[in-house]
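**Q** Here it is, the structure, as structure tokens.
Number of protein chains: 2
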Amino acid sequence: MSTMTYNVRVFDIMPENTAIVHFTEQLYALAKNRKLKIESHSNRKGVYIEHIICLKNLLKPKEIGISKSLAHELKVSDGEEVSVEILSYTPADSYTFIRKRMDGVTLTKKEIDAIIDDIVNTRMSDIEMTSLILTLYFKEFDISEITDLARSIAEHGEIIDFGDNIVFDKHSIGGVPGNKVSLLIVPIIAAAGLLIPKTSSRAITSPSGTADTMEAIGCQVSFTADEIKKITKKTKGMIVWGGSLNLAPADDILISKVEYPLKINPRSMMMASILAKKIAMNVNYLVLDIPTGKGTKMASQEEAAVFARDFKEIARRLGIRAESGITYGGTPVGHAIGPALEAREAIEALLHPASAPKSLTVKSCRLAGILLEISGKALEGQGYNMAKEILYSGKAAQKFAEIVREQHGPETLDPNSIELGQYTAEIMAPSEGWIVEIDNKAITEVARAAGAPYDKGAGVYFIKKIDSVNAGEPIIRIYSNSESRLDAALALYQQLQPITMESMLLNRI
Amino acid sequence: MSTMTYNVRVFDIMPENTAIVHFTEQLYALAKNRKLKIESHSNRKGVYIEHIICLKNLLKPKEIGISKSLAHELKVSDGEEVSVEILSYTPADSYTFIRKRMDGVTLTKKEIDAIIDDIVNTRMSDIEMTSLILTLYFKEFDISEITDLARSIAEHGEIIDFGDNIVFDKHSIGGVPGNKVSLLIVPIIAAAGLLIPKTSSRAITSPSGTADTMEAIGCQVSFTADEIKKITKKTKGMIVWGGSLNLAPADDILISKVEYPLKINPRSMMMASILAKKIAMNVNYLVLDIPTGKGTKMASQEEAAVFARDFKEIARRLGIRAESGITYGGTPVGHAIGPALEAREAIEALLHPASAPKSLTVKSCRLAGILLEISGKALEGQGYNMAKEILYSGKAAQKFAEIVREQHGPETLDPNSIELGQYTAEIMAPSEGWIVEIDNKAITEVARAAGAPYDKGAGVYFIKKIDSVNAGEPIIRIYSNSESRLDAALALYQQLQPITMESMLLNRI
């Protein structure tokens, strides 16, 4: 393609790889959706332009406006001649490997490395990354490929070294609202003397991520690697936001650019993503919570079991001993959904475990028990009891209070000091009888419509869950800090009808 | 997310959905990679912004620059207040249908319409379009879906009405270099008195598209629908560039944004794309050329036959009678590859068919013969002979000369007046014996390295094709208008070794 000559004009522009041309310039029409290469006539240095815009009355014909930083790179100043070339589309070098993978060729570690390297160095376009995720969705990676992928993602980010210390961890694949079990498991494990520097996420599609819930308590969740090492030397446990640590950046890019907007989370990527973050935290022992049932990521126990077995083998190859707990996820965990509501419920459960919902305390102790057994702290079969003892004795609450203080939260644990949304509305039972089903996805949408997780006080509280109710009795309370969002959540509730009662007429045709 | 108030400033800007703000405006940092919604304070009309740039010395703080067309849509003028909102990522409404399709749900015509509507109205993001193409790649559309897709793509673009006239057409699925048969088939069919307003493409990945070859002769290829109707009234035939007509714009968008950069062309999309363009041209009878063999899009005759049968049925449902010619595409058609070289060879074949390569004349007459039989002009089994008679009698050459004149080309057909690349280099046979294989893809790459199709004189000429040669005899001549590109093409030739001789030592281990 032919090359044109332009005179440079230097501007303060952002994004820095933008070029501006005169309004009627033909270059604009030619370069639409293409990259441009600008080369200095005097020294042959070149830069690439990603965006081109046309603007009247700023430039003369045959002038091209570029940013100061590009002018600096080109070593040109106002008025100097440059050549402008319209480039054909150039794919990332490693795209050829993705293309091969589409047609079923297994990838080597080196090829996977090249892909991840292009992703973290922003050399891969969004459509190329999309083709990778869709390929994984339709043609899953095999166990060796997932192992290589996890390792490669980890190696392309920060790795935190805890020296000779054995690191324990708990992770949930997600999919069930109200799953605040980490707030119980981390202090139980830490109280047992084991190191558990838990990184958690903010909500992407759920009403509250563990990091959001910690913030609702008043805790800081962003820490540096050094701070985490220092604090956990004292407390053994922490609950921090993984996003502040540059662990597995390729995974973050793929989630934000492709998986979240397209609502796809391929199984191979899910495994690699979890394990990459565990490698980055130097985890030795991991318990994985796999919520299963309607509305979760695992429709059946069989699917969950296959996932757990594959995950265990891949983890083994990566030097991590992993065990999975396949848990019931068909209804929310506990009664509270949304950051502040979940924070209150978790603290209540730590302070008064006997009166807490069993779906929260039993699940937490079962998962913690697995870690206690793997570690050798508890005998085979005794982990659950040991976890329960730590919880019921108040040691877990004491440990959590210590963690909260170290993370710059309140001095004492008081659930009632956590502020809930100032506007509330109640949903009444439409008839007497049993509540037999709760639609996780619908409840999640209602909580998000009310403002969760950004409005920390927003959410849904189940006054009654799977239970018998009387007609007109309040069963759900919705919280929000905005009247209009509360209305929106109520309207959505009416539309989605997340609760099924055995006595309801389901349809009339 | 909160809303900010700005004062509008109206500019001539392109792209029209760009907003400009003051250099240090915080909005820029917040809105990076997000969409903005601008709403007029006075009338609550809203528009969406896809690009935001920061520019110093053009705007004051709290001013936002927008294009005239957006200002018109918003019904605001300079200085008026608007609210600016940063949107969370919002998928195209029809993306839910693509997402469902990923999991195997068959789409309805209405759902397919919604997808195509979002594509042509630029409401669908590149990653969403990529997910559509990858889904088609892994989970092909069924025959009804392809029918609906073709119809929907056609309906979302211009449709050219030829009234009561019966329209004939020829199309090749591509994949074989040197395939200049349209330059023979169109005049043969037009000389037989049938209407054949052929739209053709420019090369995307090949060394020359039919439109490029026509341009090498000196013809204009961009015409309006009215001009095509007017000219074909006289000539019956034309060979124009389809790209100038806004036929099937959704297809063009998908090709340029996804299929070309990712080098994917799903079978369902290929069929829908061809047929949409035929609906748009009101085609009644179509012959489809399916080149088959090594290096083409159809590896086996069986695959080609299944494609042909499915294509015929889909065409039938769309009111088009289609027949396919499964042709040999394992080696180039004729001896010439590249716009000017192919133009010369086609004209030579029209003027002196007896001495032209049989791979060109026989193939052209076979395909033309199918159309002559479908039309009733020739009896069953007599089409080939009739086409041959039209070609050998000089009627096709006369008709082509008329078409060339009407398309503003030279007054008389003279192959030698078409300029070839001024630099040439010859490849010699490495040993005596037979040339037994020619690698289509490698030859294509060599011709493109020499400059084809942008350098119309560039290309590859086979002095010998599948033939017996002596050691040191010239077998290939490469043409280019640039010495450096000629060197690059030669180097690529040495690397790719596109020619296999039976006497060559293929490997030594």
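So the protein sequences, as listed, match chains A and B.
Oh and the first sequence: position 129 is 129 in our numbering, straight run, nothing missing.
For our numbering, add 509 to where a residue sits in the second sequence, where the first one is 1.
For glycine and all other residues, C-beta sits at the position ideal for the given N, C-alpha and C.
Would you say residue 83(A) reaches chain B, if we count a Cβ-Cβ gap shorter than 9 Å as a contact?
**A** No, because no Cβ of chain B sits closer than 9 Å to the Cβ of residue 83(A).
**Q** Hey, does residue 365(A) have any beta-carbon neighbour from chain B nearer than 9 Å?
**A** No, because no Cβ of chain B sits closer than 9 Å to the Cβ of residue 365(A).
**Q** Since residue 263(A) meets chain B, which of its residues come closer than 7 Å, beta carbon to beta carbon?
**A** In chain order: 608.
**Q** Using 9 Å as the threshold, is the C-beta distance between residue 437(A) and residue 500(A) below it?
**A** Contact flag set, yes.
**Q** Am I right that residue 928(B) and residue 849(B) are in contact with their C-beta atoms under 8 Å? What's the rounded C-beta distance?
**A** With 8 Å as the limit, residue 928(B) and residue 849(B) qualify as a contact, their Cβ atoms being about 6 Å apart.
**Q** Is the beta carbon of residue 746(B) sitting closer than 9 Å to the one on residue 705(B)?
**A** Yes; because the gap between Cβ atoms is below 9 Å, this pair is in contact.
**Q** Pick from 515(B), 916(B) and 1001(B): whose alpha carbon is nearest that of residue 739(B)?
**A** Considering only alpha carbons, the answer is 916(B).
**Q** Taking the alpha helix (DSSP H) that residue 878(B) belongs to, which residues open and close that run?
**A** Counting along the chain, the alpha helix (DSSP H) containing residue 878(B) begins and ends at 867–884.
**Q** Is there a Cβ of chain B sitting closer than 9 Å to that of residue 56(A), yes or no?
**A** Answer yes: the Cβ-Cβ gap between residue 56(A) and chain B drops below 9 Å somewhere.
**Q** Whose C-beta lies closer than 6 Å to the C-beta of residue 549(B) among residues of the same chain, with five residues either side of it excluded?
**A** Within the same chain, residue 549(B) has close Cβ partners 583, 585 and 591.
**Q** Please work out which residues of its chain come closer than 6 Å, Cβ to Cβ, to residue 805(B), disregarding the five sequence neighbours upstream and downstream, and give them in chain order.
**A** Correct list, in chain order: 684, 685 and 838.
**Q** Closer than 7 Å by beta-carbon distance: list the chain B residues that pair up with residue 258(A), in chain order.
**A** Residues of chain B passing the Cβ test: 636.
**Q** Which term fits residue 988(B), buried or exposed, when burial requires 16 or more other beta carbons within 10 angstroms of its beta carbon?
**A** Under this definition residue 988(B) is a buried residue.
**Q** Please report whether the beta-carbon of residue 633(B) lies at a distance below 9 Å from any beta-carbon of chain A.
**A** Not closer than 9 Å to any Cβ of chain A, the Cβ of residue 633(B) fails to qualify, so no.
**Q** Residue ranges of each alpha helix (DSSP H) run of no fewer than 4 residues wholly in the segment 62–124 of chain A, ordered along the chain?
**A** If we require 4 residues or more, the alpha helix (DSSP H) runs fully inside the segment 62–124 of chain A come out as 68–74, 95–102 and 109–120.
**Q** From residue 996(B) to residue 784(B), what distance separates their C-alpha atoms?
**A** Their Cα atoms are separated by approximately 41 Å.
**Q** Using the three-state DSSP reduction, which class does residue 480(A) fall into: helix, strand or coil?
**A** The answer is strand: DSSP assigns residue 480(A) an E or B state.
**Q** Does the CB of residue 1(A) have a neighbour CB from chain B at under 9 Å?
**A** In this prediction, residue 1(A) scores a pLDDT of 45, lower than 50, which makes its location untrustworthy; no coordinate-derived value is stated.
**Q** Can you give me the C-alpha to C-alpha distance between residue 832(B) and residue 602(B), rounded to a whole angstrom?
**A** Going from the Cα of residue 832(B) to the Cα of residue 602(B) covers about 38 Å.
**Q** Does the beta-carbon of residue 309(A) have 16 or more other beta-carbons within 10 angstroms, so that it is buried, or is it exposed?
**A** Classification for residue 309(A): exposed.
**Q** Please report the distance separating the alpha-carbon of residue 515(A) from that of residue 442(A).
**A** The structure shown has nothing for residue 515(A), since chain A only spans 1 to 509.
**Q** May I ask whether a heavy atom of the ligand MG can be found less than 8 Å away from the beta carbon of residue 162(A)?
**A** Although the ligand MG was asked about, the structure shown includes no ligands whatsoever.
**Q** Closer than 9 Å, CB to CB, is residue 12(A) near chain B or not?
**A** Closer than 9 Å to some Cβ of chain B, the Cβ of residue 12(A) qualifies, so yes.
**Q** Give me the residue from 8(A), 180(A), 60(A) and 268(A) with the minimum Cα distance to residue 539(A).
**A** For residue 539(A) there is no data in the structure shown, the boundaries of chain A being 1 and 509.
**Q** Can you round the beta-carbon distance between residue 353(A) and residue 334(A) to whole angstroms, since I take them to be within the 8 Å contact cut?
**A** Contact doesn't hold; Cβ gap of about 12 Å is too wide.
**Q** Check whether the Cβ of residue 70(A) lies closer than 9 Å to any Cβ atom in chain B.
**A** Not an interface residue.
**Q** Here's a check: name, in chain order, each residue in its chain whose Cβ is nearer than 7 Å to the Cβ of residue 879(B), leaving out the five neighbours to either side.
**A** Answer for residue 879(B): 796, 832, 834 and 892, listed in chain order.
**Q** What are the boundary residues of the alpha helix (DSSP H) that residue 816(B) is part of?
**A** Where residue 816(B) is concerned, the enclosing alpha helix (DSSP H) stretches over 810–826.
**Q** Rounded to the nearest angstrom, how far is the Cβ of residue 251(A) from that of residue 273(A), given a contact under 8 Å?
**A** Yes, residue 251(A) and residue 273(A) are in contact; Cβ-Cβ is about 5 Å, under 8 Å.
**Q** Is the beta carbon of residue 650(B) less than 9 Å from the beta carbon of residue 845(B)?
**A** Against a cut-off of 9 Å, the Cβ pair of residue 845(B) and residue 650(B) comes out as no contact.
**Q** Let me know the secondary structure DSSP gives residue 510(B) once reduced to three states.
**A** The predicted position of residue 510(B) is uncertain, since its pLDDT is 44 and thus under 50; a value taken from the coordinates is nonetheless stated next. In this structure, residue 510(B) counts as coil in the three-state DSSP scheme.
**Q** Please report the distance separating the alpha-carbon of residue 113(A) from that of residue 149(A).
**A** Approximately 8 Å between the Cα atoms of the pair.
**Q** Between residue 139(A) and chain B, is the shortest Cβ-Cβ distance under 9 Å, so that the two count as touching?
**A** Answer yes: the Cβ-Cβ gap between residue 139(A) and chain B drops below 9 Å somewhere.
**Q** Cα separation between residue 762(B) and residue 769(B)?
**A** Near 10 Å, if we compare the C-alpha coordinates of residue 769(B) and residue 762(B).
**Q** Pick helix, strand or coil for residue 737(B), following the three-state DSSP scheme.
**A** Three-state DSSP puts residue 737(B) in a helix.
**Q** Apart from the five residues on each side of it in sequence, which residues of its chain come closer than 8 Å, Cβ to Cβ, to residue 467(A)?
**A** So the list reads 434 and 435, once near-sequence residues are dropped.
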